[in-house]
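Number of protein chains: 2
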Amino acid sequence: MSETIRIPPREGHAVRMSAGDRVRVIDPEGGQVADVFAFCADDVSEYHSAEHTRVYVNRLFPRAGEQFVTNRRRPILTLEADTSPGIHDMLCAACDPSRYTGLGVEGWHASCQENLQKAMAALGHEGIEIPQPINLFMNIPVGDDWEIGWEPAPTSAGDAVTLRAERDIVLAVSACPQDIVRINAGSPGPIDLELL
Amino acid sequence: MSETIRIPPREGHAVRMSAGDRVRVIDPEGGQVADVFAFCADDVSEYHSAEHTRVYVNRLFPRAGEQFVTNRRRPILTLEADTSPGIHDMLCAACDPSRYTGLGVEGWHASCQENLQKAMAALGHEGIEIPQPINLFMNIPVGDDWEIGWEPAPTSAGDAVTLRAERDIVLAVSACPQDIVRINAGSPGPIDLELL
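Sequences listed follow chains A and B, in order. Letter by letter, the first sequence follows residues 92 to 287 of the numbering used here. Letter by letter, the second sequence follows residues 92 to 287 of the numbering used here.
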């Protein structure tokens with residue numbers, strides 16, 4: 092039995108998961124980045140941490156079978172399976188209003204940070220700290236001189252990553268609305284969450 | 092006129108700086124990592140952010156003349172000058188009690204996180220969020236397969252980085268007490284702060 096939630100383009104959604112629950116984060120149309128955030132359900136000041144995870148796995152991003160840890164170095168998610176090309180990012184902050192202002196956008200623009208805040212608020216969590224996201228399918232090459240690039244997501248329709256909750260969590264996902272920098276390979280698309 | 096503060100091995104210290112003030116962070120004996128943190132003085136929930144800085148400079152670490160920005164993407168520090176080999180890290184979390192437990196240490200071990208918390212508390216700032224540090228002189232090579240390494244700091248005695256405050260800040264620095272992983276090239280040493 093499973094349930095699939097469609098996150099419309101440029102929007103976000105949060106779900107509660109119990110320890111042992113699994114979710115497939117699917118790029119249903121291809122070329123789309125999904126910003127993923129995980130918070131401990133009983134204390135949202137503990138959340139997945141990019142900088143602690145890098146130290147934990149000795150890599151810029153975990154491989155299948157490896158785990159993301161929290162800012163207290165406790166496992167929170169296992170990257171169980173990956174049917175995508177395996178290109179993901181854990182170097183870049185979520186896009187936010189100041190990012191779009193810096194890119195020359197006038198007025199409001201949807202952002203992963205606002206999507207996260209709205210999705211968490213809908214579950215009663217206001218005023219959260221903004222963790223550095225797990226940017227699934229995001230293609231940020233690192234050059235020999237440590238320059239980073241901004242390339243289109245290399246996913247095909249239906250590519251997916253399966254994540255297992257290692258404790259009771261709130262998982263938030265944003266279908267990244269970035270349409271100035273071309274990481275979303277054209278126009279931003281939806282993301283599906285299949286709760287297994 | 093300048094004032095130099097010696098931070099003893101394994102300890103930390105925080106200072107208030109006004110916009111325009113400069114500080115030289117000096118490795119007086121060589122082979123020592125300095126964890127640096129910068130908080131806005133009027134609101135310590137705004138602080139230097141590794142993930143926003145990488146996006147701002149399109150690199151894993153700023154070059155001389157470039158700036159570190161906050162979690163609201165506003166410049167907070169300029170990397171004005173660097174007389175060291177130019178090897179620094181902005182990928183790894185500060186060492187903390189759980190890091191040393193994971194490395195097999197029994198009982199208490201000094202850590203950059205506790206040094207930061209103590210130094211900030213001494214200036215009246217309790218309960219701060221722990222930012223991902225600017226790890227000056229820390230040698231974390233990134234392999235083609237995205238593996239990260241843990242190499243000794245390549246600094247010689249007297250190597251230094253000059254930082255300019257871009258707003259009124261609290262700057263905290265920890266002389267990293269890591270003595271299990273050999274990033275400090277032997278035993279942990281002191282760090283000097285020369286306030287210019």
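Ideal Cβ positions, reconstructed from N, Cα and C, are used throughout, including at glycine. On a predicted model such as this, the values are computed, not experimentally measured, just so you know.
CB-CB length for residue i against residue j, believed under 8 Å
i      : j      : result
S109/B : L286/B : Rounded, the Cβ-Cβ distance is 11 Å, inconsistent with contact.
T169/B : R255/B : 4 Å
P243/A : G111/A : Not a contact, Cβ separation roughly 35 Å.
P268/B : H216/B : Incorrect: roughly 21 Å between the Cβ atoms, too far for contact.
I167/B : R258/B : 6 Å
Neighbour list for residue i in chain B, Cβ cutoff strictly below 7 Å
i      : result
W237/A : R150, L151, F152
V233/A : L151, V233
C-beta atoms of residue i and residue j nearer than 7 Å
i      : j      : result
I178/A : N226/A : no
A184/B : E142/A : yes
N207/A : G103/A : The sequence given here places Leu at residue 207/A; Asn does not occur at that position. Yes, the Cβ-Cβ distance between L207/A and G103/A is below 7 Å.
V233/A : V116/A : no
N149/A : I239/B : yes
D173/B : A155/B : yes
P245/B : P153/B : no
V135/B : I219/B : yes
D283/B : T95/B  : yes
R164/B : S189/A : yes
P279/A : R97/A  : no
E157/A : A248/A : no
A266/A : P100/A : yes
A304/B : H139/B : Summary: the structure shown does not reach residue 304/B, with chain B confined to residues 92 through 287, and so no result is reported for it.
L151/B : W237/A : yes
A105/B : A210/B : yes
D180/B : Q204/B : no
P250/A : D118/A : The sequence given here places Asp at residue 250/A; Pro does not occur at that position. Taking 7 Å as the Cβ cut-off, D250/A and D118/A qualify as a contacting pair.
F228/A : V114/A : no
Cβ of residue i within 7 Å of any chain A Cβ
i      : result
C267/B : no
A251/B : no
Closer than 8 Å at the beta carbon, the chain A residues around residue i
i      : result
N162/B : A184, I221
Cβ of residue i within 7 Å of any chain B Cβ
i      : result
R101/A : no
S247/A : no
V310/A : What is shown of chain A runs 92 to 287, which leaves residue 310/A out entirely.
S189/A : yes
Neighbouring residues, chain B, relative to residue i (Cβ below 8 Å)
i      : result
R273/A : Simply none; closest approach about 15 Å.
Cross-chain neighbours of residue i in chain A, by beta carbon under 7 Å
i      : result
G193/B : R164
**Report entry** Residues of the stretch 114-143 of chain B with Cβ closer than 9 Å to any Cβ of chain A, in chain order
**Finding:** S136, S140, A141, E142, H143
Report task. Please list the residues of the stretch 199-230 of chain A that have a C-beta atom closer than 8 Å to any C-beta atom in chain B, keeping them in chain order. Result -> E220, I221, Q223
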